[in-house]
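Take a look at the structure below.
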Amino acid sequence: MRYRNLVLGALAVIAVVSLAFLGTRASQVAAAADGTSLRTSWGEPDLQGIWNDRYQTPLQRPKKYAGRELLTEEEVAALDGQRAAIPQRPRVRPGKGSEADVAGAYNGVFVSVRPTGRRTSLIFDPPDGRIPPLTPEAQKRRTAIREYQLALLQATQQCKNKERSCTGWNYGPPSPRRDELPPFYMVANINRANGPEDRSLGERCMSAQLPDVTGFRRIVQSKGAVSIFYDVGQGQGWQRTIPVTSAPHLPSHVRQWWGDSRGRWEGNTLVVDVTNFSAKTEYQGSRESLHLVERWTRLDADTLEYSVTVEDPTTWTKPWTFKHQLARQNEQANRIYYEPRCHEGNYGIIGVLAGNRAVDKAFAEGKGPHPATVDVFSAGPAFFAEEDLDPLAAGAC
Numbered sequence: 038m039r040y041r042n043l044v045l046g047a048l049a050v051i052a053v054v055s056l057a058f059l060g061t062r063a064s065q066v067a068a069a070a071d072g073t074s075l076r077t078s079w080g081e082p083d084l085q086g087i088w089n090d091r092y093q094t095p096l097q098r099p100k101k102y103a104g105r106e107l108l109t110e111e112e113v114a115a116l117d118g119q120r121a122a123i124p125q126r127p128r129v130r131p132g133k134g135s136e137a138d139v140a141g142a143y144n145g146v147f148v149s150v151r152p153t154g155r156r157t158s159l160i161f162d163p164p165d166g167r168i169p170p171l172t173p174e175a176q177k178r179r180t181a182i183r184e185y186q187l188a189l190l191q192a193t194q195q196c197k198n199k200e201r202s203c204t205g206w207n208y209g210p211p212s213p214r215r216d217e218l219p220p221f222y223m224v225a226n227i228n229r230a231n232g233p234e235d236r237s238l239g240e241r242c243m244s245a246q247l248p249d250v251t252g253f254r255r256i257v258q259s260k261g262a263v264s265i266f267y268d269v270g271q272g273q274g275w276q277r278t279i280p281v282t283s284a285p286h287l288p289s290h291v292r293q294w295w296g297d298s299r300g301r302w303e304g305n306t307l308v309v310d311v312t313n314f315s316a317k318t319e320y321q322g323s324r325e326s327l328h329l330v331e332r333w334t335r336l337d338a339d340t341l342e343y344s345v346t347v348e349d350p351t352t353w354t355k356p357w358t359f360k361h362q363l364a365r366q367n368e369q370a371n372r373i374y375y376e377p378r379c380h381e382g383n384y385g386i387i388g389v390l391a392g393n394r395a396v397d398k399a400f401a402e403g404k405g406p407h408p409a410t411v412d413v414f415s416a417g418p419a420f421f422a423e424e425d426l427d428p429l430a431a432g433a434c
């Protein structure tokens, strides 16, 4: 009898301890559900991991969805079917063997299609989901760049055939502007290849930008700093370190490719103020006056929200804000490649420059066409058939 009582007493103790453990574990799980208990060993909110947006959502709301924040499930299914049918190697106009066919082929193998998200835009402020109107100054800057690009393109078959890349311009003889410097530092292609800076940032393996809503990012934290590696583009990954400090920004004359970041914690949110961008970069038309306020918030164990307010009084009539949610990726199944492999394998830029020197030489010897008549400007979507364009792509708004 005594033995039985001891056993029952022991079982009771075990039961109490087990319930206490389960209760503690349940409270931990409940706390983790809203992200509040996910902290580093030194007590700061834990943002670490590999993160990616699983869904395709346009930055700004396509006009056909005006006034609507969400798609229906039926619309999502229809868009998924339409987008999945886009060929991996999009068809081009005017067809196989043409200049367009060669230029349009480059990016075909890099195309991937993510599932359609329910939101009609990443932008939520202003409520119409659209980037605010450009200021007169920005419109003038954009017009000057576009007119320069078209002047250099006017002697090509693209303008003769009235292709999309020449919209708003007329076919004509080589323009004297071909010998001019561009009105602003060019971040996009022009129909000339006298040197690397006549080519787009993408061709030069320099297209990574801030803010970024593509690819994967790996976040690592330490006391006083948050480090983010962005694995984006065709091996165009880049590293960013955000000091968590009350120190002021760099002097205004010091300009950096991805700006100067200063972070601070507001509750569970990392707020990052970014200024001092270089005039050689561009985001949606904004250059050195770009100002960002980023907000990184861990919503739960597997979700990170990234929100950005974008401001530039020289480019837009008012600030605008977008956000998207990132899902945590399995660190064993996903590998982040840190080396800038785009530069190491960028035979394309070498070929473009060498090819154009050969065109120059042949023309000088009377054996080839005028270099201005050869299109080295248009590529990719400019040539794709309308039905092969992703309706959720950046340019489809």
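End of the sequence shown = 434 in this note's numbering, gap-free, step of one. Don't be surprised by glycine CBs; every beta carbon is placed ideally from N, CA and C. Quantities reported herein were computed from a predicted structural model and do not represent experimental measurements.
With DSSP as the reference, label Ser64 as helix, strand or coil.
In the sequence shown, residue 64 corresponds to position 27, counting from 1. At Ser64 the pLDDT is 35, less than 50, meaning the model places this residue with poor confidence; the figure from the coordinates comes in the next sentence. Helix, per DSSP.
For Lys360, which beta-bridge partners are listed by DSSP?
Locating residue 360 in the sequence shown gives position 323, where the first residue counts as 1. In DSSP, Lys360 forms a bridge with Ser344.
Using CA atoms only, rank isn't needed, just tell me which of Glu112, Trp357, Ser78 is closest to Arg155.
What you label residue 155 is simply residue 118 of the sequence shown in a count that begins at 1. Considering only alpha carbons, the answer is Glu112.
Start and end of the alpha helix (DSSP H) containing Pro173?
As a position in the sequence shown, residue 173 is number 136, starting the count at 1. Unbroken alpha helix (DSSP H) run through Pro173: 173-190.
In whole angstroms, what is the alpha-carbon distance linking Asp397 and Gln191?
Taking the first residue of the sequence shown as 1, we reach residue 397 at position 360. Taking the first residue of the sequence shown as 1, we reach residue 191 at position 154. Cα-Cα distance, rounded: 18 Å.
Does the region 77-86 come within contact of the region 291-308, defined as at least 3 CB pairs closer than 8 Å?
Yes: the two stretches touch, three or more of their Cβ pairs being nearer than 8 Å.
Using C-beta distances below 7 Å, list every residue in its chain close to Asn393, excluding the 5 sequence neighbours before and after it, in chain order.
Here the question's residue 393 lines up with position 356 in the sequence shown. Counting only Cβ-Cβ distances below 7 Å, and skipping sequence neighbours, we find Ala230, Pro408, Val413.
Would you report the Cα separation of Thr278 and Tyr222, rounded to the nearest angstrom?
Walking along the sequence shown from the start, residue 278 turns up at place 241. Walking along the sequence shown from the start, residue 222 turns up at place 185. Rounded to whole angstroms, Thr278 to Tyr222 spans 26 Å at the Cα level.
So what's Glu303 in DSSP terms, helix, strand or just coil?
Counting from one through the sequence shown, the residue named residue 303 turns up at place 266. DSSP places Glu303 in strand when its eight states are reduced to three.
When the Cα atoms are used, what is the spatial distance from Gln85 to Gln195?
Numbered from 1 along the sequence shown, position 48 holds the residue referred to as residue 85. Numbered from 1 along the sequence shown, position 158 holds the residue referred to as residue 195. When rounded, the distance between both Cα atoms is 48 Å.
Along the chain, where does the alpha helix (DSSP H) that runs through Asp397 open and close?
In the sequence shown, residue 397 corresponds to position 360, counting from 1. Element bounds for Asp397: 384-401.
For Asp117 and Leu363, I'd like the C-alpha separation in whole angstroms.
Numbered from 1 along the sequence shown, position 80 holds the residue referred to as residue 117. Numbered from 1 along the sequence shown, position 326 holds the residue referred to as residue 363. Rounded to the nearest angstrom, the two C-alpha atoms are 20 Å apart.
Go ahead and label Ala387 buried or exposed: buried means 16 or more other beta carbons lie within 10 angstroms of its beta carbon, across all protein chains shown.
The sequence position of residue 387 within the sequence shown is 350, counting from 1. Here residue 387 is Ile; the residue named in the question, Ala, does not match the sequence. By the neighbour-count rule (16 or more Cβ atoms within 10 Å), Ile387 is not buried but exposed.
Please name the residue or residues paired with Ala262 in a DSSP beta bridge.
Mapped onto the sequence shown, residue 262 falls at position 225. Per DSSP, Ser259, Pro280.
Would Arg429 and Arg120 be called neighbours here (beta carbons separated by less than 8 Å)?
Against the sequence shown, residue 429 aligns to sequence position 392. Against the sequence shown, residue 120 aligns to sequence position 83. Checking the displayed sequence, the identity of residue 429 turns out to be Leu instead of Arg. Taking 8 Å as the Cβ cut-off, Leu429 and Arg120 qualify as a contacting pair.
Let me know if Trp9 comes out buried or exposed under the rule of 16 or more other beta-carbons within 10 Å of its beta-carbon.
The structure shown has nothing for residue 9, since the chain only spans 38 to 434.
Count the other CB atoms, across all protein chains shown, that sit within 10 Å of the CB of Ala316; report buried if there are 16 or more and exposed otherwise.
As a working mapping, residue 316 is identified with position 279 in the sequence shown. Classification of Ala316: exposed, given that the 10 Å Cβ count is below 16.
Answer yes if the region 238-258 comes into contact with the region 89-96, meaning at least three C-beta pairs across the two stretches below 8 Å, and no otherwise.
Output reads yes: the region 238-258 touches the region 89-96.
What span of residues does the alpha helix (DSSP H) with Glu240 cover, start to end?
Against the sequence shown, residue 240 aligns to sequence position 203. Premise fails: Glu240 is in no alpha helix (DSSP H) and is neither H nor E.
DSSP has Trp88 in a bridge; who is on the other side?
The count along the sequence shown starts at 1 and reaches residue 88 at position 51. Answer is Arg254, Arg365, bridged to Trp88.
Just to confirm my understanding: we take Pro356, look at its own chain, exclude 5 residues before and 5 after, and list those with CB closer than 7 Å. What are they?
Taking the first residue of the sequence shown as position 1, residue 356 is located at position 319. Only Thr346, Val347, Glu348 meet the Cβ criterion.
What is the rounded straight-line gap between the Cα of Pro211 and the Cα of Gly239?
Working through the sequence shown from its first residue, we reach residue 211 at position 174. Working through the sequence shown from its first residue, we reach residue 239 at position 202. Computed Cα separation, rounded: 26 Å.
Quick one: what's got a C-beta closer than 7 Å to Ala399's C-beta in the same chain, skipping five residues either side?
Working through the sequence shown from its first residue, we reach residue 399 at position 362. The residues are Gly405.
List the whole-angstrom C-beta distance separating Leu108 from Thr157, where the pair is believed to meet the contact cut-off of C-beta under 8 Å.
Here the question's residue 108 lines up with position 71 in the sequence shown. Here the question's residue 157 lines up with position 120 in the sequence shown. Right, the Cβ-Cβ distance comes to about 6 Å (below 8 Å), so this counts as a contact.
In chain order, what residues of the same chain have a beta carbon less than 8 Å from the beta carbon of Gly104, not counting five sequence neighbours either side?
For the purposes of this step, residue 104 is identified with residue 67 of the sequence shown, where counting begins at 1. The answer, listed in chain order, is Asp165.
Count the other CB atoms within 10 Å of the CB of Tyr374; is the residue buried (16 or more) or exposed (fewer)?
Against the sequence shown, residue 374 aligns to sequence position 337. Classification for Tyr374: exposed.
Helix, strand or coil for His380, going by three-state DSSP, please let me know.
Translated into positions along the sequence shown, residue 380 becomes position 343. DSSP places His380 in helix when its eight states are reduced to three.
Within the continuous beta strand (DSSP E) that includes Val330, where are the two ends?
Residue numbering aside, residue 330 sits at position 293 when the sequence shown is read from its first letter. Counting along the chain, the beta strand (DSSP E) containing Val330 begins and ends at 328-337.
Can you tell me which residues form a DSSP beta bridge with Tyr320?
The residue given as residue 320 occupies position 283 in the sequence shown. Paired residue(s): Ser323.
Could you say which of His361, Arg324, Arg335, Val411 lies nearest to Leu75 if we only look at CA atoms?
In the sequence shown, the residue the question calls residue 75 occupies position 38. Measuring from the Cα of Leu75, the nearest candidate turns out to be Arg335.
The beta strand (DSSP E) with Asp235 in it runs from where to where?
For the purposes of this step, residue 235 is identified with residue 198 of the sequence shown, where counting begins at 1. Segment: none, Asp235 is in no beta strand (DSSP E) and carries neither H nor E.
Of all the options Thr358, Val311, Ala401, which has the alpha carbon lying nearest to the alpha carbon of Ser326?
Start at 1 with the first residue of the sequence shown, and residue 326 comes out as number 289. Looking at the Cα atoms, Val311 is the closest of the given residues.
Looking at the strands, I want to know which residues DSSP matches up with Trp275.
For the purposes of this step, residue 275 is taken as the residue at position 238 of the sequence shown. Note: Trp275 sits in a beta bridge opposite Tyr267.
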